[in-house]
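Enquirer: Residue numbers (this note's numbering): 3 to 797.
(1) By alpha-carbon positions, which one of 767, 557, 575 ends up nearest to residue 82?
(2) For residue 722 and residue 210, what's the separation of their Cα atoms in angstroms?
(3) Closest to residue 175 by C-alpha separation, out of 79, 147, 194, 774, would be which residue?
(4) Identify the continuous alpha helix (DSSP H) that holds residue 317 and give its terminal residues.
(5) Going by the beta-carbon positions, is the gap between residue 199 and residue 88 smaller than 8 angstroms?
(6) Quick one: what does DSSP say residue 458 is sitting in, helix, strand or coil?
(7) How about residue 645 and residue 632: are their beta carbons less than 8 angstroms apart?
(8) Roughly how many angstroms separate the alpha carbons of residue 206 and residue 136, rounded to a whole number?
(9) Mind checking residue 408: buried by the 16 CB within 10 Å criterion, or exposed?
(10) Between 385, 273, 59, 492, which lies nearest to residue 346 when the distance is taken from Cα to Cα?
(11) Going by CA-CA distance only, name the one from 450, 654, 381, 26 that's closest to residue 339.
(12) Distance check for residue 260 and residue 448, CA to CA, integer angstroms please.
(13) Taking DSSP as the reference, what is the three-state secondary structure of residue 479?
(14) Does the beta-carbon of residue 156 have 16 or more other beta-carbons within 10 angstroms, so that it is buried, or is it exposed?
(15) In angstroms, rounded to a whole number, what distance separates the CA positions of residue 478 and residue 437?
(16) Among the residues of its own chain, which have a CB less than 8 angstroms from the CB of residue 778, if the five just before and after it don't count?
(17) Using 10 angstroms around the beta-carbon of residue 516, count the other beta-carbons present and answer buried if the total reaches 16, otherwise exposed.
(18) For the beta strand (DSSP E) holding residue 140, just list the boundary residues, first then last.
(19) Taking residue 268 as the reference, which of 775, 319, 327 has the closest Cα?
(20) Going by DSSP, name the residue or residues bridged to residue 569.
(21) What residue range does the alpha helix (DSSP H) around residue 610 cover?
(22) Alpha helix (DSSP H) containing residue 545: first to last residue?
(23) Could you give the DSSP three-state label for residue 738: helix, strand or coil?
(24) Per the contact definition of three or more C-beta pairs closer than 8 angstroms, is the segment 548 to 555 in contact with the segment 473 to 491?
(25) With a cut-off of 8 angstroms on the beta carbons, I'd call residue 727 and residue 316 a contact; round off their distance for me.
(26) Could you tell me which residues DSSP puts in a beta bridge with residue 193?
(27) With a CB to CB cut of under 7 angstroms and the five nearest residues on each side skipped, what residues in its chain are close to residue 630?
(28) Closer than 8 angstroms, CB to CB, is residue 226 near chain B or not?
(29) Grab me the residues of residue 367's own chain with a C-beta within less than 8 angstroms of its C-beta, minus the 5 sequence neighbours each way, in chain order.
(30) Helix, strand or coil for residue 467 per DSSP?
(31) As an exercise, report each continuous alpha helix (DSSP H) stretch of at least 4 residues that is fully enclosed by the segment 375 to 448, in chain order.
(32) Where does residue 764 fall in DSSP's three states?
(33) By a C-beta neighbour count over all protein chains shown, 10 Å radius and 16 as the cutoff for buried, is residue 7 buried or exposed?
(34) Which same chain residues, not among the five before or five after residue 718, have their C-beta less than 7 angstroms away from its C-beta?
(35) Which residues bound the beta strand (DSSP E) around residue 523?
So, in structure tokens, the structure goes:
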């Protein structure tokens with residue numbers, strides 16, 4: 003991201019600007035020591051390869067949130083009280099169904115279970131339990147639930163009448179109904195097995211656990227589906243890892259083709275690729291040495307760093323190519339560096355500010371992405387300084403980049419565009435205002451996406467599994483509401499249990515304004531009320547019976563040591579943002595009527611709230627980015643006017659993109675939340691290029707209108723070539739398996755195209771609003787060659 007500063011022409015500068023003198027000395031140093039700097043960059047990169055290879059991806063759900071986030075604290079407290087609720091659901095169709103046609107006399111029906119279905123449930127559960135990382139004693143299946151004496155109660159010394167009471171047809175019917183939407187579909191044609199995972203250990207990764215479960219599910223006849231929040235999170239990180247490699251390679255390959263097509267010189271393909279990969283190694287090594295890890299949006303690190311590095315070299319290529327028309331290679335490079343070193347610094351800074359502004363986000367992965375990309379962006383500067391002099395001057399083969407096909411027609415078209423813009427300033431101003439109004443209006447229509455399944459492509463295994471569970475088994479959104487309960491020192495009373503029953507009843511009937519409610523409510527009273535009086539007469543005895551029937555049941559709902567109890571809930575995962583958050587709010591509000599210290603938590607709640615702050619993030623990061631850009635342009639050109647007029651051509655396209663999302667009902671997700679700040683960091687560079695070229699033309703003695711015309715045609719050429727390459731580079735993100743990155747790539751590309759149009763059309767109009775002397779004082783000027791030499795340069 004450098005500056006296409008002045009084109010050929012103008013008198014040599016005789017300024018005594020001390021900063022210009024420093025640039026001359028730095029340029030001489032870089033050229034004189036080009037071999038040593040090149041070698042130092044290579045050696046440093048070799049030393050960084052080992053630490054860079056140790057960069058890891060933080061796959062914990064805790065990494066999504068700040069350590070002091072109340073939502074995370076509630077989740078951690080629940081894990082400490084009831085264990086990690088990392089459940090995997092495996093479901094499959096049953097044919098014939100579990101419930102056979104009821105039979106009976108005189109209107110009394112007796113439920114009849116298909117024993118083959120129960121046996122299949124038992125055998126498949128045993129098979130799944132063999133997978134390392136699964137807690138076998140916690141596995142729930144139809145066989146274990148409906149045939150409890152086969153597994154749990156056979157050694158229990160219960161009176162025969164009590165044992166018979168527990169398997170009485172009425173109780174069996176009750177067990178079947180309790181299993182609905184958990185282990186059995188409403189039509190009895192789908193069965194499920196619920197697996198609880200052991201804590202992750204170095205011996206076996208979550209990815210390997212899920213891989214083995216999916217292999218077994220695929221082998222089952224008929225094939226089974228695997229789902230659950232842990233699977234979603236794992237798949238997301240797997241896609242991030244895959245994208246990191248695929249997107250990086252695809253971006254490099256595509257941009258190689260673009261560079262070859264534009265400049266048709268192999269040296270100018272190798273130089274940017276070398277800079278990019280050296281910069282990547284340095285960046286990754288820095289992240290490792292500072293203790294950072296990759297986040298779930300970090301798969302863009304390679305592709306974005308590639309785009310930034312290559313676009314920087316492309317600007318240098320354009321200027322160097324023009325200087326080579328009348329200078330030898332060494333003098334042409336010196337001239338290029340004198341023109342570009344200061345501007346390239348400011349364009350890198352503005353890009354870095356765009357990334358740094360996302361640090362205002364409430365989402366930890368987005369903040370870590372901002373830090374990583376800021377580091378990667380700033381390291382482009384030393385990488386270019388150390389590689390480019392040696393890369394251009396070392397060796398004997400050709401160093402001259404050629405002209406891209408159609409460049410002359412492009413320059414001619416840009417000149418005509420500049421004339422048209424100068425002739426229609428009022429019409430363009432009115433059109434700008436109208437477009438701004440439409441964009442702002444669309445922003446008020448924006449919504450936030452909290453359906454985590456929409457982060458994946460429709461054909462992915464996880465989405466297909468979610469659709470299966472949502473349509474047959476009441477979804478996979480497992481969560482809870484927990485509240486204070488009697489401790490081990492004080493017995494549970496019937497009065498307390500009645501409050502739990504009443505709360506459960508209210509939760510079962512709870513609905514949002516859209517008519518959406520919970521698909522399953524599992525309180526401790528459901529199990530206790532199942533135990534008949536002949537089997538246990540007191541509450542404590544009923545607790546003991548349930549502990550024997552299902553060892554995990556009581557501990558998963560009640561912790562007497564900590565004095566906490568919970569009701570486990572299930573809801574549809576694939577819900578609109580407002581519905582999901584409203585359901586969570588109403589559940590917690592209802593629970594607080596009975597237990598004021600009640601809290602809703604769980605992976606479902608965490609993921610739903612993960613991007614609930616995105617609307618505010620768009621505003622905060624966008625404002626920080628705008629302020630940073632304005633300040634940077636002001637400092638770079640010592641002109642507040644330049645800083646102010648640079649805003650509209652760059653903000654308006656982004657406003658149109660974000661407003662267009664509102665009009666097209668595209669919700670904000672974790673990728674699109676970064677568009678405003680990141681896109682302006684890229685588009686503002688075109689403004690800086692334009693200002694630098696304009697100031698250079700004015701310093702040659704051209705009038706404002708003539709300077710704008712020359713800048714639009716010649717600086718505009720570099721802007722078009724670079725932005726085309728950038729847009730093509732960003733389009734590679736459309737290959738991502740992680741949908742937020744697809745939206746990010748496509749929408750940032752649109753914003754950059756809009757920024758290019760804005761800087762070629764709106765910026766010239768707004769420059770005419772400024773005082774004639776704006777930006778012409780105390781600006782470090784490039785050294786230009788004589789006019790006569792410039793006349794021979796190609797257009």
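Don't be surprised by glycine CBs; every beta carbon is placed ideally from N, CA and C.
What you are looking at is a predicted structure, and each value in this text was computed from that prediction instead of being measured.
Expert: The answer reads as follows:
(1) Nearest option by C-alpha distance: 557.
(2) Just so you know, the alpha carbons of residue 722 and residue 210 end up roughly 47 angstroms apart.
(3) Comparing alpha carbon positions, the residue from 79, 147, 194, 774 closest to residue 175 is 147.
(4) From DSSP, the alpha helix (DSSP H) with residue 317 extends over 302 to 325.
(5) For the 8 angstroms CB-CB criterion, residue 199 and residue 88 form a contact.
(6) In this structure, residue 458 counts as strand in the three-state DSSP scheme.
(7) Closer than 8 angstroms, so yes.
(8) A direct Cα-to-Cα measurement between residue 206 and residue 136 gives close to 11 angstroms.
(9) Exposed: under 16 other Cβ atoms inside 10 Å.
(10) Checking every option, the nearest Cα to that of residue 346 belongs to 385.
(11) For residue 339, the nearest C-alpha among the options comes from 26.
(12) Straight-line measurement puts the Cα of residue 260 at about 36 angstroms from the Cα of residue 448.
(13) Reduced to three states, the DSSP call for residue 479 is strand.
(14) Because residue 156 carries a pLDDT of 43, less than 50, the predicted location of this residue cannot be relied on, and the following value inherits that uncertainty. Exposed, because fewer than 16 other Cβ atoms sit within 10 Å of the Cβ of residue 156.
(15) Cα to Cα, the separation comes out at about 43 angstroms.
(16) Within its own chain, the residues whose Cβ lies closer than 8 angstroms to the Cβ of residue 778, once the five positions on either side in sequence are excluded, are 697, 700, 701, listed in chain order.
(17) Its Cβ having fewer than 16 others within 10 Å, residue 516 is exposed.
(18) First-last of the beta strand (DSSP E) with residue 140: 136 to 142.
(19) Minimum Cα distance to residue 268 is reached at 319.
(20) Residue pairing by DSSP places residue 569 opposite 483 in a beta bridge.
(21) From DSSP, the alpha helix (DSSP H) with residue 610 extends over 605 to 612.
(22) 541 to 551 is the extent of the alpha helix (DSSP H) around residue 545.
(23) Correct three-state label for residue 738: coil.
(24) At 8 angstroms Cβ cutoff, the stretches do not touch.
(25) Taking a contact as a CB-CB distance under 8 angstroms, the pair residue 727 and residue 316 counts as one, their CB atoms being some 6 angstroms apart.
(26) DSSP output for residue 193 lists 94, 186 as bridge partner(s).
(27) Non-local beta-carbon contacts of residue 630 in its own chain, meaning distances under 7 angstroms to residues more than five positions away in sequence, involve 355, 359 in chain order.
(28) In the structure shown, chain B does not exist; there is a single protein chain.
(29) For residue 367, where only same-chain residues beyond five positions count, the Cβ hits under 8 angstroms are 65, 66, 297, 298, 299, 300, 672.
(30) Looking at residue 467 - three-state DSSP - the assignment turns out to be helix.
(31) Entirely contained in the segment 375 to 448, the alpha helix (DSSP H) runs reaching 4 residues are, in chain order, 382 to 395, 409 to 425, 427 to 445.
(32) Under the three-state reduction of DSSP, residue 764 is assigned to helix.
(33) In this prediction, residue 7 has a pLDDT of 42, which is less than 50 and means its spatial position is unreliable; nothing more can be read from the coordinates.
(34) Cβ within range, chain order: 416, 762.
(35) Its beta strand (DSSP E) spans residues 522 to 524.
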